[in-house]
Amino acid sequence: MSKRAVLEVIALGVEDAVAAQAGGADRLELVTDMAADGLTPPAATVAGIRRAVDLPLRVMLRLADGFAAGDVDRLAGVAAGLREAGAEEFVLGFLDAEGGVDLAAVERVVGALDGCPWTFHRAIDRAADRDALRKQLDRMPGLDTYLTAGSADGVDDGLPVLLAEAGRAGEPGYEQRLLVGGGLRLEHVPMLLKAGVDGFHIGGAARPGGWDEPVSVEAVAEWRAAVDGG
């Protein structure tokens with residue numbers, strides 16, 4: 026039996042979450058403030074979405090624009106508060122000033138997650154050496170996914186990297202799911218599926234009216250059909 030590809034949709038609130046679930050999403054990424062590329066949502070938002078849908082929720086741990094960790098102790102405390110609000114899965118990723126993974130910050134925050142599954146987000150697309158980053162994070166507790174466009178400039182430019190990394194699946198540092206997002210378009214999906222990619226992440230593509238409008242059930246359903254190979 027073939028494994029169904031995962032479709033993850035960004036949700037900013039309950040209305041988005043309900044629409045994404047109705048359209049066929051498998052999982053939600055919860056954020057706020059897309060003007061800053063997505064920051065940690067309030068615990069009350071997470072709790073409200075948790076009550077409204079039964080999908081897995083991955084909650085962003087990012088307190089300011091950019092990929093520096095900032096106040097790591099505060100981040101760890103925020104993570105603990107979100108867990109109390111019902112969060113069981115997370116999204117994070119921190120780089121140092123040279124573009125390497127900030128391993129100390131990642132380890133500190135992951136320690137507060139106490140084994141919860143998490144995604145390393147598109148900070149990998151700004152890394153000085155993405156292969157080195159993957160190998161440094163290999164076997165990090167809970168890490169099961171990399172969200173990436175293959176390039177800081179989006180999937181169009183990153184396709185060669187994505188296809189190459191999909192071909193390395195199972196190697197040390199490449200055992201996690203490749204979740205493709207960032208300028209992802211429907212026409213990219215067949216090539217990525219053929220390469221073995223089984224994770225797709227959409228935000229703006231789920232909102233034909235733009236970020237000021239809620240998620241569209243119909244748009245998510247169109248993506249659901251595409252990632253199912255339809």
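Per my numbering, the sequence shown starts with residue 26, numbered consecutively. Quick reminder that beta carbons are idealized off the backbone N, C-alpha and C, glycines included.
Note on geometry: alpha-carbon atoms of residue 230 and residue 244 lie some 7 Å from one another. Within 10 angstroms of the beta-carbon of residue 132 lie fewer than 16 other beta-carbons, which makes it exposed.
Residue 47 is positioned such that its CB atom lies no closer than 8 Å to that of residue 53. Counting along the chain, the unbroken alpha helix (DSSP H) around residue 216 starts and ends at 214-219. Excluding its 5 nearest sequence neighbours in each direction, residue 194 has C-beta neighbours in its own chain below 8 Å: 200, 203, 221, listed in chain order.
Rounded to the nearest whole angstrom, the CA to CA distance from residue 249 to residue 43 is 15 Å. Residue 104 holds the alpha-carbon nearest to the alpha-carbon of residue 68 among 138, 104, 197, 159. The three-state reading of DSSP puts residue 169 in strand, counting E and B together.
The residue among 148, 191, 236 with its C-alpha nearest the C-alpha of residue 86 is 148. For residue 33, the beta-bridge partners assigned by DSSP are 52, 226.
Distance from the CA atom of residue 145 to the CA atom of residue 93, rounded to whole angstroms, is 14 Å. When the alpha-carbon of residue 113 is set against those of 215, 74, 175, 213, the nearest one is in 74.
Residue range 143-145 is occupied by the beta strand (DSSP E) that includes residue 143.
CA-to-CA, the gap between residue 252 and residue 34 works out to about 13 Å. Here residue 228 has 35 as same chain residues with Cβ atoms under 6 Å from its own Cβ, once five neighbours each way along the sequence are excluded. Secondary structure at residue 57: strand, using DSSP grouped into helix, strand and coil. In this structure, residue 28 sits near residue 223, with a CB-CB distance shorter than 8 Å. Annotated as distal: residue 237 and residue 208, with beta-carbon spacing of 8 Å or more. For the options 118, 55, 226, the alpha carbon positioned closest to that of residue 78 is the one of 55.
About 23 Å separates the beta carbons of residue 82 and residue 97, which is beyond the 8 Å limit, so they are not a contact pair.
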